[in-house]
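Read through the structure below, which is laid out as structure tokens, and then see the notes.
Numbering (the UniProt record's numbering), first residue to last: 1 to 145.
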């Protein structure tokens, strides 16, 4: 069963996604960007946050719009969409705080399936197969080949 998501607008190269987080209180523009890493052409960094009027993305603000599940489902949908065009690439991401990393770790635990290879990057910069409930500095996701 498909999980509910917000309506997403994407760039033609599938590297930029925008959507609106809506509640009874406010509307917040959100953006997900996949930035190529210059040192490794197979690696893209996922950046997610509030889209500012000047086009920058605020990754620090806690919106508290009471829709975190819907937001995270939407971000995950962009990941699937990204991999449709870039199946051989790897995505790396980290939270802007320890609490966000814990949240992302919980979400990643639910993503473990036959479609993705998921790795954790330790605080010593070691890359290992993702272990649920283990703290990591960052995460890497790629399609199983």
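Ideal Cβ placement from N, Cα and C applies to all residues, glycine included.
Endpoints, the beta strand (DSSP E) within which residue i is located
i: residue 34; result: 27 to 37
i: residue 44; result: 40 to 51
i: residue 16; result: 16 to 22
According to DSSP, residues forming a beta bridge with residue i
i: residue 121; result: 127, 138
i: residue 58; result: 50
Close beta carbons around residue i, own chain, < 6 Å, minus the five adjacent residues each side
i: residue 15; result: 34
i: residue 91; result: 44, 46, 141
i: residue 101; result: 95
Cβ shell of residue i (< 7 Å), same chain only, five flanking positions each side left out
i: residue 4; result: 70, 73
i: residue 60; result: 96
i: residue 75; result: 32, 48
Close beta carbons around residue i, own chain, < 8 Å, minus the five adjacent residues each side
i: residue 13; result: 85
Does the contact criterion of 3 or more C-beta pairs under 8 Å hold for the region 59 to 74 versus the region 111 to 120? Look at the beta carbons and you see the region 59 to 74 not touching the region 111 to 120: under three pairs across the two are nearer than 8 Å.
Taking the runs of the alpha helix (DSSP H) that are 4 residues or longer, which of them lie wholly in the region 66 to 123? If we require 4 residues or more, the alpha helix (DSSP H) runs fully inside the region 66 to 123 come out as 68 to 85, 98 to 111.
Determine contact between the region 122 to 135 and the region 101 to 112, defined as no fewer than three beta-carbon pairs at a distance below 8 Å. In this structure the region 122 to 135 lies against the region 101 to 112, because at least three pairs of beta carbons, one per stretch, are closer than 8 Å.
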